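Residue numbers (the working numbering): 40 to 236.
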């Protein structure tokens, strides 16, 4: 009798736990009102509340162009308490909008690094460093960079810039090759500008 009661309790808890998980998963999906009509969700992430800044929802979406339905226009919106506080539209030639989140301002709330990937033979695009604040977003750095020249990423509370410095003489005439040295620089936002740390 005790074994049957314990089994029933465990099964009931599992069923209740799965139902609660499904409810959370449904709530976690962004509503269609978070991106334009006709658009589709590409990615979303919630930046948890921290450092006096409320939770913010990052939504990347794509929508086919009216004149050319084979081409998508990408966008990234940031929402706070049901209100859009930032809207970014990638160039029409962008093939993706990719973002990383992490704190590079030191306020304990995640910031964003957004990359508008426009492809081409060098894997080029534009990086945008976005400092999150309560009810607003501040763009603190913008850089056009091809992947064969370098990259920018978020790592351990800083932006990591890896930029090629000196081209190899033997490949000097090759448009996408090859740097002998990469300079790695860590930068953090100090409230006024990005500073090397």
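Even glycine gets a Cβ: it sits at the ideal position worked out from N, Cα and C.
Because the structure is a prediction, the values reported are computed rather than measured.
In the three-state reduction of the DSSP assignment, residue 112 falls in the strand class. Looking from the CA of residue 207, the closest CA among 220, 193 and 112 belongs to 220. Just so you know, the alpha carbons of residue 197 and residue 178 end up roughly 15 Å apart. Going by beta carbons, residue 105 and residue 116 fall outside the 9 Å limit. A distance of 9 Å or more separates the beta carbons of residue 84 and residue 160. The beta carbon of residue 77 sits closer than 6 Å to the beta carbons of 102 from its chain, once the five residues preceding and following it are set aside; these are given in chain order. Between residue 172 and the set 227, 119 and 234, the nearest pair of CA atoms involves 119. In the DSSP assignment, residue 208 falls outside any beta strand (DSSP E) and carries neither an H nor an E. By the neighbour-count definition (other C-beta atoms within 10 Å, threshold 16), residue 110 is an exposed residue. Scanning its chain for C-beta atoms nearer than 8 Å, with the 5 sequence neighbours on each side dropped, one finds around residue 233 the residues 168, 179, 180, 198, 226 and 227, in chain order.
Per DSSP, the continuous beta strand (DSSP E) segment holding residue 127 begins and ends at 122–128. Residue 100 holds the alpha-carbon nearest to the alpha-carbon of residue 82 among 100, 235, 146 and 195.
Residue 135 sits away from residue 114, with the two beta carbons spaced by 9 Å or more. Here DSSP, grouped into helix, strand and coil, assigns residue 73 to helix.
With contacts defined by Cβ atoms closer than 9 Å, residue 125 and residue 182 do not form a contacting pair. In the structure shown, residue 201 falls within a strand segment according to DSSP collapsed to helix, strand and coil.
In the structure shown, the three-state DSSP call for residue 232 is coil.
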